[in-house]
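These notes concern the structure reproduced below.
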Amino acid sequence: MSKPMVEKYEQLLAQDPTSTVFVELARAYIDRGDNERAIATCQQGVTHHPNSVVGRVLWGKALINAGKAADAMKQFDLAVSIDRENPHAYNLIGEALLRKGLYRSALPILRRAVALQPNDHRIAQWFEQTKQALAGGPAPILGDGPLVQDKPAAPVAQSDDPFAAFAPAKTDPDAQATVLMAAHTTAPVDRSRPPVPTAELPAVAPPPPQDARQTQELPLIAATMEAPDPFASFGTSSDPDTVRGLTSTFDALGSSGAFTGNGPQSPQVDDEPSVVVQGVALEDPAPVPAPSGPRAGGPPVLQAVPAAAPPPPANNLLEDVVSTQSELPTSEFQMPGMIQTPLHTAGAAPRSSGGLLDDIPDEIMEPPSAVVAPSVQFNTQATEAIAKEYERELRAKLEVTKQKKTFFQAHGLKVAVVAVLVVLVGGLGGSFVYTRVKNQGETLDTSIAKGLSAVNADTKEQYGAAVKALEQAIKMDDSNTEAAALNGYARAMLFAENGGTAADRDAAIAAFAQPSVRNARPDLALVVDYLTAEDAGRSAARQQLLGSNLEKGAVQAQAGRIFLADKKYDDALARLKKATELDPRNTRALVALGDYYLAFEDWDSALEMLSRAESLSKFHPARVIGHAEARLELGRELPEALNDLEGLPGSAEIPAALAGRYALMLGRAQSANGKHEEALKTLSEAQPKYTDLSLQYAMALGDAQRAAGQMAAAQKSFEEALKLAPKSESAREGLGRVLLARSREKELTDRLRADKDARKVALLRGIAYYRLGDPKKARAELQTTQTNGKYPAEAAVYLALIDAQEEGSGDKAVETLERFAGSLKRNKATVQVALARVYMQKGALDKARTQLEDAAKDPQDYEGNALLGELLLKAGVPPDVAIEPLQRAVERNGSHAPSRHLLTRVLLQLGKVPEAVKQIEAWTLDNPSLELVWRDAALVYLQAGRIKDSANAMSKVSDKVDDIEWCRTKAQIEFARADGRAAMAALEKANKLNPKDAETFCEIGNAFVRQGNNDTAGAAYGAATREDPRSICGLAGPLFARPAKGSKSKELINGLLGRSTNAWEKGWLLSTLARIQLLDNDAGGARESVEEALKEAPFHPAVWFANGEVFKREKNDAKAIEAWGKAAEFDGSWSQVRLAYADALARQGGGALPQAITQYEAVLVIDQNEGDLARVKKTIATLKKQLP
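If you read the sequence shown in the UniProt record's numbering, its first letter stands for residue 1, the second for the next number, and so on.
Written as structure tokens, this is what we have:
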């Protein structure tokens, strides 16, 4: 593998240590020979993926390469133990061993692999080639050539192979290869002697020379023999193909120089006869005559080594294999693979448990010949005498024994019976435990029951679980037709509806190819035939299924689903109902029936069916999605719907066919639960992916945007939906509701024309006409919404409001609305807001407030919050209390005109001019066609000192507006623009609209003050107090026109300041107080009043005029000129301000004279005071003479 790819894998693993890319990185390290890094990579990887078969096999392969045979075998054992029925592990391990030339270790692994996958010819070929290699044939071949080349092994010192220490040593070509079979001595073990080092083990004497034929064959055997097997200690087998070969190991030991076959032999002790071991040839040549020689008739003999021989260092891998035996005394020493029993014993050798070779049966290898005993001469007389004496002693002992019974003579029978019973019970118990373990603690009935329950759950995961349980049942009883039928059905469902493979289809077909299975479950056979049919046979299978008369739930459910997909709804309903009657717990039928009711918007019935299915299959994707849709449409259990949808991906795989619908319902549920940002993200990201659901996504996105208060975006979404489906009543309804939310009632009536049977559109048109103040048209539209003599709840609410307007008292409307409020559970806020309006009309503000406070708790409500703010303001509640529900209303719907209007006015009342400007700028961008927006904008810009912007906003308001408040605002703007004539015209119109309005008289009084006509101004203020004795401007107006010193004047203004809740009005009162304080020579008090006034109304012209007066008293002419200049800028029609400004400029002289003359000339146009006019004319003439 290239270096960049290795680096890329390293980077990916560094970024995510839990990634499965560690497998590829380890493989790359092994290919590069970097085994230590491969070991470390696998060790880290399997901590995150302990069930990774490939990871553990690669770990073992790297350990082999690193010379750690024992550790490698542990990893191979773990790889197999992950799934002992998985052939993939055996394939990988076998291949790894073959590539290292370890044929004997690979052979049982390959045998197991072949047993698990008899049809895999590649593995079978490896197995046969390995047996041939062990028999002297060529090395096995994979796709890239022989695994081990047929050439002599290289010397250990020159090889990079970690197993080089096990390579056969170069020996005499005439030597015969042997295998050590057993080591046995009848003498007692002397444990006082120290252990013999590994390197000092007895040597095998070389065999005598053979004839020419054998001598010529031996080099071939040595060349094709596998390398020494480092895994010999992990398991044994007596199969000729699996015997662990240690000949080459002993050859390697013999070549080390510690001992040789020709070395001196240890003298034998009388009671310790020498042990003779037979040699076993690796081939079976024809028998030939034994050659003559001193040792021709005997096998090789193990030779003892003198104890003084020094032990050589252990510098090879033999310790990894025999380290556990190396500490034993010489007489007990045993190499791996050596049999501990005497040669003549027929018992089986002990074997390990849990290893890779446990399933390989053991056989006892008999030696080819017996040991020859030496001949001995005996003395006959002596023998007879000894025999007679022995007989006498034996008879004496026998007499004593007869008189005294032993324990076993007295109780032997009982002990034997008990022993037999113990063995019998133990055997039965062991058999039971073994069977339970093998069957994973399940019985046939429980396995079938599990499979049936999983099949009925109807999900991909449960079908997989069903297959596993049913295959276990089939292993217990392969003749069980129920298990086979259910297994075939589960496989067919995996293939047809859950992304299964062709193997699932084949398994399903094979299951029902058995006549006994088909006859036992003909209903499942019909369904499986349809699900597994190819295109050519699908039509016939479909007809056979639909035409079947079987009264079985599976057949009826599948037929109903077919009809439902074909949109043959009547047939689908009949079949699905029949299926649920036959099997009330049939999940597929219940879910399909729920889908049917969803298609017809019968939300209650759909909810019932899908709720029944929940107890059978909680994580069924179609059920969860449909259940959520029904809940959303009914407005019930919304948190539960969201929880189910969010938890679905972690519990079940969502089929591709349902992915778009799932994201759609998830976004809707998030929106319904107030998670607006998450909902918009979910829907926006999913919309372009699922073009087949474009209309549904456009509708859902519009609803989510409307719920989030993004009305402009919502309108675009619904307009897009209308493009996709121009006749969709749901899309038209969505657009209409957005237009109502944006206070665009006139646009709604123009764009959404009345159509026959379009009752939802008629309802919205009726609401629009009601808001436009046309109750006659509203009633006509609302009356068309009735069905079977009943009105929708929302239509009935607005009809009650119209009745209240026409009735006057509203008693009937209150009765109707109270009844609705007590019975409705959905959209209750609409009824409560309507009831509050009637209560406010009747003057029952407390009752209205109760209804509105309850309605304001609805997270989707904004009308109730807006009306609550309006009620609080009318009730005289401080603005800082009323602002809270208004802010909430604007947050929920920034396009709602009443909410924006009231919030803007409250912000101005509180003196929060910058916030008011932000509100008005957002509102004008959202709804620039609404006239109310510009009326409020003109007032906000005026009080913000932006006279030009205020005039621009005023120009967008129609001259035909007959609103008295707007007329007063327009007059203020015109005065600020120095157009007194237009301002007075606006005030005259306001007076005509309401001749007794106190606020209008106050503005008229202020107008006369601007003209310097203080006497007439006083009369106007008096008219204001006449109409409203508590009018603040009416009471303070005379002092504003002519400040009067004295404590009474200050007490009056301070009292009015305590009552005022309007920052603009407070600034005006404080400026008046400052001028009074100046008359009382209280310059310090005047400064404090002015500073406070600047905080309340920083752009009020009266405040800056008073500020200039205070600066003048403080003899700060520069600041005074600046303050009067600002006052003239904010109100160009106030003659007293311009006169004070002009006088200051004239006193300054020099370059300020032209500007002073300009201000004096403006006074001549505005002022109506004859004394002021005469003085100004003279001053202008004098100043003009001073000009250069």
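C-beta: ideal position from N, C-alpha, C; glycine also. Being a predicted model, the structure only gives us computed values, none of them experimental.
Kindly give me the distance between the Cβ atoms of residue i and residue j, rounded to whole angstroms, as I take these residues to be in contact under 8 Å.
i, j, result
"ALA469", "GLY451", "4 Å"
"VAL527", "ALA485", "Not confirmed; about 11 Å, so no contact."
"GLY55", "PHE22", "7 Å"
"residue 1212", "ALA1024", "Residue 1212 falls outside the range modelled here, since the chain spans only 1 to 1188, and no answer is possible."
"ALA938", "THR904", "About 11 Å; that fails the 8 Å criterion."
"GLN1148", "ILE1121", "7 Å"
"SER1133", "ALA916", "The Cβ separation is near 24 Å, so there is no contact."
"ALA704", "SER671", "4 Å"
"LEU582", "GLN544", "That belief does not hold up - the Cβ atoms of LEU582 and GLN544 are roughly 19 Å apart, past 8 Å."
"VAL881", "LEU872", "6 Å"
"LEU925", "LEU902", "About 19 Å; that fails the 8 Å criterion."
Classify residue i as helix, strand or coil using the three-state DSSP reduction.
i, result
"LYS746", "helix"
"PRO1188", "coil"
"ILE141", "strand"
"SER548", "coil"
"GLN860", "coil"
"GLY45", "helix"
"HIS121", "helix"
"TYR839", "helix"
"THR459", "coil"
"ALA513", "coil"
"PRO209", "Reliability of the predicted coordinates at PRO209 is poor, the pLDDT of 41 falling under 50, and no value is obtained from them."
"GLN132", "helix"
"PRO1099", "According to the sequence shown, residue 1099 is Phe rather than Pro. If DSSP states are grouped into helix, strand and coil, PHE1099 belongs with coil."
"THR580", "helix"
"LEU13", "helix"
"VAL21", "coil"
"ILE654", "coil"
"ASP774", "coil"
"TYR597", "helix"
"TRP923", "helix"
"VAL1110", "helix"
"LYS847", "helix"
"ASP962", "coil"
Within this structure, are the beta carbons of residue i and residue j separated by less than 9 Å?
i, j, result
"GLY667", "ASP692", "no"
"ASP1172", "VAL1163", "yes"
"LEU576", "PHE619", "no"
"ALA856", "GLY843", "no"
"SER743", "LEU607", "no"
"GLY1067", "GLU1096", "yes"
"TYR530", "ARG521", "no"
"LEU772", "PRO792", "no"
"ARG751", "LEU740", "no"
"GLY1018", "SER1135", "no"
"GLN710", "LEU664", "no"
"GLY1151", "TYR1141", "no"
"ALA953", "TRP934", "yes"
"GLY766", "ALA795", "yes"
From the DSSP output, read off the bridge partner residues of residue i.
i, result
"LYS1048", "None; LYS1048 has no bridge partner."
"LYS790", "THR787"
Is the region 754-761 touching the region 908-926, taking contact as three or more C-beta pairs under 8 Å?
Short answer: they don't touch.
Below 8 Å, how does it come out for the region 991-1009 and the region 1029-1048: are there three or more Cβ pairs, yes or no?
With the cut-off at 8 Å, the region 991-1009 and the region 1029-1048 touch.
Are the region 603-619 and the region 443-463 touching, with three or more C-beta to C-beta distances below 8 Å?
Flag = yes, the region 603-619 and the region 443-463 touch.
Is the number of C-beta pairs between the region 985-997 and the region 944-960 that are closer than 8 Å three or more?
The region 985-997 vs the region 944-960: no contact.
Cβ contact (3+ pairs, closer than 8 Å) linking the region 1038-1052 and the region 1066-1082:
Output reads yes: the region 1066-1082 touches the region 1038-1052.
Would you say the region 595-602 touches the region 557-569, given that touching needs at least three Cβ pairs under 8 Å?
Yes, the region 595-602 touches the region 557-569.
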